[in-house]
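Remarks on the structure that follows.
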Amino acid sequence: MDRVRRGLAATLVAGDEVVRGQAGMLEGEGVASARRGRVANPRGTVPERLNYLFQNIRSVEDKPYSAAQVARWIEDNGGEISSVYILKILNGERNEPSQRYLKDLARFFEVSPAFFWEDEPADLDAGELRERIVLRDGHLRAMMLRVARLSPGAQQAVSAIVEVLLKAEGKGSDEELRRTENTSCL
Numbered sequence: 001m002d003r004v005r006r007g008l009a010a011t012l013v014a015g016d017e018v019v020r021g022q023a024g025m026l027e028g029e030g031v032a033s034a035r036r037g038r039v040a041n042p043r044g045t046v047p048e049r050l051n052y053l054f055q056n057i058r059s060v061e062d063k064p065y066s067a068a069q070v071a072r073w074i075e076d077n078g079g080e081i082s083s084v085y086i087l088k089i090l091n092g093e094r095n096e097p098s099q100r101y102l103k104d105l106a107r108f109f110e111v112s113p114a115f116f117w118e119d120e121p122a123d124l125d126a127g128e129l130r131e132r133i134v135l136r137d138g139h140l141r142a143m144m145l146r147v148a149r150l151s152p153g154a155q156q157a158v159s160a161i162v163e164v165l166l167k168a169e170g171k172g173s174d175e176e177l178r179r180t181e182n183t184s185c186l
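UniProt numbering numbers the first residue of the sequence shown as 1 and each following residue consecutively.
So, in structure tokens, the structure goes:
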């Protein structure tokens, strides 16, 4: 019976994950629920390494990415994987996913695919990986290139305006962002 319950572990509801735990309880907290109680180890099994990436590489809002966000990005960029399959990897139901899936997941997190199978993967810098993921956004890249063409004084003015807007939205200062980005993942 437990095997049947585990087989029904991941259910996709309205574009967001709902995870049915082994006790049959519903938890609507997305990937975080799927990983609750799971080991996140950069030198462990494939599920442990993927959990490690989900827990340490965060969005600009400092939230973990959901399996739905990752699957959507992979599909939008020529790959093919479902959020349910990602959850199955995270939950340890798929211990050896194909290299195609691992390459797509590595591409999303901006790490080498070898991260998933090397005995001693290279150390990861969470801040640098977050920057690389954010800079994939064409709109943000275009905005940065336009700001780069401004004079140094105008660039400082734009920076001050952005700082005021961040504070107004309660999203912290540049100093807080630098502190969180300077944390190494390994």
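Glycine included, every Cβ here is placed at the ideal spot set by N, Cα and C. Quantities reported herein were computed from a predicted structural model and do not represent experimental measurements.
- Distance from the CA atom of residue 145 to the CA atom of residue 118, rounded to whole angstroms, is 37 angstroms.
- Residue pairing by DSSP places residue 58 opposite 64 in a beta bridge.
- A direct Cα-Cα distance of roughly 44 angstroms separates residue 152 from residue 43.
- The C-beta of residue 56 has 16 or more other C-beta atoms within 10 Å across all chains shown, which makes the residue buried.
- Taking the C-beta atoms as reference points, residue 133 is found no nearer than 8 angstroms to residue 101.
- Residue environment analysis places residue 161 among the exposed positions, since fewer than 16 neighbouring C-beta atoms fall within 10 angstroms of its C-beta.
- Annotation: residue 64 to residue 96 spans about 23 angstroms, alpha carbon to alpha carbon.
- Per DSSP, residue 123 has no beta bridge partner at all.
- When secondary structure is reduced to three states using DSSP, residue 106 falls in the helix class.
- For residue 79, the three-state secondary structure derived from DSSP is coil.
- Within the region 131-160, the runs of alpha helix (DSSP H) at least 4 residues long that lie entirely inside it are, in chain order, 138-148.
- Secondary structure of residue 51 (DSSP, three-state): helix.
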